[in-house]
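There are 2 protein chains.
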Amino acid sequence: MPTLSDRIRTHDVPRLRAWLAETGTLDIADEFARLEPGERAVLFRLLDKDRALAVFEALDPIHQQELLEALRADQVRELVEEMDPDDRARLLDEMPAKVANRLQQGLSQAERQKTSVLLGYPPESAGRIMTPEYVSLRASMTSTDALAKVRRSGGEVVTLRVLPVTDDQRRLVGVVDLPRLVTAAPSTRVGDLMRTEVHSVTVDADQEVAARLIQEADLIALPVVDAENRLVGIITVDDAMEVLEAEETEDIIRSGGAEPLERPYLAANVVFLARKRAVWLLLLGVAAVLTVNVLQAFEDTLEAIVTLALFIPLLIDTGGNSGSQAATVVIRAMAVGEVRFRDLPRVVSRELTVGIALGAMLAAVAFPLVTLFFGSAFATVVSLTLVTICTWATFAGALLPMVAKRVGIDPAVVSAPLITTLVDATGLIIYFLIARAVFAAELADGAGTLAGLLG
Amino acid sequence: MPTLSDRIRTHDVPRLRAWLAETGTLDIADEFARLEPGERAVLFRLLDKDRALAVFEALDPIHQQELLEALRADQVRELVEEMDPDDRARLLDEMPAKVANRLQQGLSQAERQKTSVLLGYPPESAGRIMTPEYVSLRASMTSTDALAKVRRSGGEVVTLRVLPVTDDQRRLVGVVDLPRLVTAAPSTRVGDLMRTEVHSVTVDADQEVAARLIQEADLIALPVVDAENRLVGIITVDDAMEVLEAEETEDIIRSGGAEPLERPYLAANVVFLARKRAVWLLLLGVAAVLTVNVLQAFEDTLEAIVTLALFIPLLIDTGGNSGSQAATVVIRAMAVGEVRFRDLPRVVSRELTVGIALGAMLAAVAFPLVTLFFGSAFATVVSLTLVTICTWATFAGALLPMVAKRVGIDPAVVSAPLITTLVDATGLIIYFLIARAVFAAELADGAGTLAGLLG
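In order, the protein sequences belong to chains A and B. In this text, residue positions in the first sequence follow my numbering: the first is 192, and each later residue adds one. In this text, residue positions in the second sequence follow my numbering: the first is 192, and each later residue adds one.
Spelled out as structure tokens, the structure:
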């Protein structure tokens, strides 16, 4: 069966139209992401006006931008004019300044102004993702008056679900859910319907803080206020979910020792993919050079007992793994707000206990096995090293992300791969120190036995 | 200053009341999680009825359960009766069957039935998180009739934001947003207001699929239907966000080579924390035993050239790191739906290119440095190994999660630590094979030079 790309290349318009007619907006947007940029424009022009806008809004900013480049100027103007102000701000923000300026010139006065206001707030701030289109009520209105105002507003569906209530200084005093307004008796005052324990954020608050608040308080919309508590916009739940998805992607990718892509995987070219990992890999590589130096310092021991070298990968892998386990669990607990810096002593004491327990378990498994094949001296060294490395790695894995966050570094950065590398280098030192001690003791013991026999 | 725990222990009721009065519901719930179970009940009884319910709903199921155990039977009944059916189902589901049964017996007939219906659907299914409390409309109603029905329903705010439209067989034919109904002219038919391109899921669909759909299509509520497309409930956006947070936690923790905790970090005891990691650490440890065997097979080479051993940790760390980078990026792209199994050839070819590029970069850095300290033969071995290991690790890191997902294993399981360990063992083989080849060539070369000199 010919693929979508094939049909676009052969200009099989009837089949393409049929496919578009029977396919949902989201699925069309999904297939768009898999097409070549040129093919997308061909398919896009076959959509009728309303669906074209819906598909366009479902695309990632990077695909939106590529598509705009391939469309005629009037189509572009029309699409961008129809977008929500916050989505438009996001798109313009990711474009080269020149292109963004030209696009903004083409907008109507009203739309241009809305976008400019949003773009005036700092990147990643609540101001950037809010919509300045809200319908606010007064506490003194009756529910009938309020509903009449909602009707007259002509606002969009997303901005009418929750209605902020302000005083005559435009200061936020409460919020009313539209369903409450609809189900209330006609003459009820808005002041009696509104919730006054209102969550809100200031325009320059972090986007993630605003989004987590929406998630935790089960909100549909979060009012955004300026420094004087005057209402300037609302953040809707759909934008909050998008922010959380992006933040979570960032955390996950950083935990994997790479940099976030900031665009869909298949939309990123290979050079870009490699660049996003190169720095980390180099940094971790430089850190791993430490392991060469450590081994070199113990070269005599190494030469004397080559068998010790056999266990190096096993021991450092185990240390790395237990370190990343601790780091991952703690980073996630911090991300969802279960753990704060002031919980540090509790976290550290828990993780130390966990580390000792896990190390002891591994040692118990390793001891008989290593004894069987390499004798009890090696078994002692390996077992002692396992307990020490596990404890140390778990401790470091829990401590570092918390300290990092405290001093303002994204904890996901101080995560699995970095901790693995750190624990590897220190783990080797621990290993060889233990080996030296045990073998020295054994030699002394042997000498003692010999002396006893001779005596 | 005395802490909250101190004030509870000293029964400083006036200060505790003052603190509760000035603190938001979410912050109270947050502090609850940090208290001892006994302390929580003391503080909870100081809350007035409405706030008590709000705080209770903001707690995690595990803390809800602990709190219920500490409260009087009538308080328990009241709290559980007031909960939303889906939240109640979730709580009952996590309790021991006996306790859950006793609690359900205490509920009113109506509430008990709602919960039983939800608990009848399979775990992790859409049916478990939907609410059976919705208000459905008919396409033939006018907007005035529809609003009157909404008013009469007495439904809760969350369930009135989006209204499903059904035919006389209760089959889903569309949805109307309440704001559209409010802003429409009085005699407009619901059939003309509703969206007919409606997203829905069946009751036994996966929760995560339903939640992602809500996220991607920017929905406030998603209708849930049975096999005959008859409406049985709706999933609201707040529940979707909760599901996504839980699923993302699961993915992140699995990527770190541990098992998800399924409860807040500070609520989990240390034995539980250790158990959740022990199996993984053991499995990864057993896999790392391979590295001992591999090294042993090459023991002669190792003994002959101890210097080679110096580079083992560096090389296997690098392989592990590049493998986890690829795995993390691909797993995340799959989780958010950017990459499907049919994209496998594209992903693999991209990752192979990235792997070669990164390997070449590292080799270019390593070659002069290793030459300087250890001579060009070692530099050749290390550089060749870096390119090969990086390419192989990146390839395996991208391929394995995709294949895992295809055969029905959570890709996060086949992630960073597992790939690291696999790549370590195979990386060592690659290293020693290259070393043998290069040193054999050098010896042959040296012999040739010698022969030439002698000749």
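Ideal Cβ positions, reconstructed from N, Cα and C, are used throughout, including at glycine.
Item, Value
"Contact the region 340-359 of chain B vs the region 298-312 of chain B: 3+ CB pairs below 8 Å", "no"
"C-alpha distance - A:Ser327 paired with B:Met385, whole-angstrom precision", "26 Å"
"Cβ of B:Pro602 within 8 Å of any chain A Cβ", "no"
"Alpha-carbon spacing of B:Val527 relative to B:Arg403, whole angstroms", "8 Å"
"Minimum length 4: unbroken alpha helix (DSSP H) runs contained in the region 509-586 of chain A", "535-565"
"Exposed unless 16 or more other CB atoms sit within 10 angstroms - verdict on A:Asp383", "exposed"
"Reduced DSSP secondary structure (H/G/I, E/B, other) of B:Leu645", "Model confidence at B:Leu645 stands at a pLDDT of 45, short of 50, so the residue's coordinates are unreliable; what they give is reported in the following sentence. In the structure shown, B:Leu645 sits in a helix (DSSP, three-state: H, G or I)."
"Cβ-Cβ distance between A:Thr214 and A:Arg242 below 8 Å", "no"
"Residues of its chain near B:Ala517, where Cβ-Cβ distance is below 6 Å and the 5 sequence neighbours each way are ignored", "Glu542, Thr585, Gly588 and Ala589"
"Same chain, Cβ closer than 6 Å to A:Ala570, neighbours up to 5 away in sequence not counted", "Phe558, Val561 and Thr562"
"A:Pro228 - containing alpha helix (DSSP H), residue span", "Pro228 to Arg236"
"DSSP three-state assignment for A:Thr333, whether helix, strand or coil", "strand"
"Buried or exposed (CB count within 10 angstroms, at least 16 for buried), A:Arg533", "exposed"
"Contact set between A:Pro370 and chain B, taken where Cβ atoms lie within less than 9 Å", "Val341, Gly346, Glu347, Val348, Val349, Thr350, Leu351, Arg352 and Leu369"
"Contact set between the region 398-410 of chain A and chain B, restricted to residues whose Cβ is under 7 Å from the partner", "Gln406, Glu407, Ala408 and Asp409"
"Whole-angstrom C-beta distance between A:Pro414 and A:Val389, which should lie under 8 Å", "7 Å"
"Per DSSP, cross-strand counterpart(s) of B:Pro414", "B:Ile425"
"C-beta atoms of B:Val246 and B:Leu238 nearer than 8 Å", "yes"
"Endpoints, alpha helix (DSSP H) assigned at B:Thr357", "First-last for B:Thr357: Val353 to Thr357, but that is the beta strand (DSSP E), not the alpha helix (DSSP H)."
"Three-way DSSP call (helix, strand, coil) for A:Pro205 in this model", "helix"
"Contacting positions in the region 194-228 of chain B - beta carbon closer than 9 Å to chain A", "Gly215, Thr216, Leu217, Ala220, Asp221, Ala224 and Arg225"
"Neighbour flag for A:Ala500 against chain D, beta carbons, 8 Å", "Absent here is chain D; the protein component of the structure consists of chains A and B."
"A:Ile547 versus A:Cys581 - alpha carbon distance", "7 Å"
"Chain-order list of residues whose beta-carbon lies under 6 Å from that of B:Ser344 (same chain, five-residue window excluded)", "Val326"
"Element boundaries [beta strand (DSSP E), containing A:Ala365]", "Residue identity differs from the one stated: residue 365 of chain A is Gly in this sequence, not Ala. Leu363 to Asp368 is the span of the beta strand (DSSP E), which, as asked, contains A:Gly365."
"At least 3 beta-carbon pairs within less than 8 Å: the region 359-370 of chain B vs the region 410-424 of chain B", "yes"
"CB contact check: B:Ile507 to chain A, cutoff 8 Å", "yes"
"B:Asp397 - partner residues in DSSP beta bridges", "B:Ser316"
"Interface partners of B:Asp615 on chain A, CB under 8 Å", "Pro504 and Asp508"
"Environment of A:Ser316 [buried if 16+ CB atoms lie within 10 Å]", "buried"
"Alpha-carbon spacing of A:Val353 relative to A:Glu272, whole angstroms", "25 Å"
"Span of the alpha helix (DSSP H), counted from its first residue to its last, around A:Asn292", "Ala288 to Gln296"
"Beta-carbon proximity check, B:Arg225 vs B:Ala261, cutoff 8 Å", "no"
"Selection from A:Arg279, A:Gln295 and A:Thr387 that minimises the alpha carbon distance to A:Arg329", "A:Thr387"
"Through-space distance from B:Ala555 to A:Ile503, alpha-carbon basis", "26 Å"
"Three-way DSSP call (helix, strand, coil) for B:Leu190 in this model", "Nothing about residue 190 of chain B can be read from this structure; chain B reaches only from 192 to 646."
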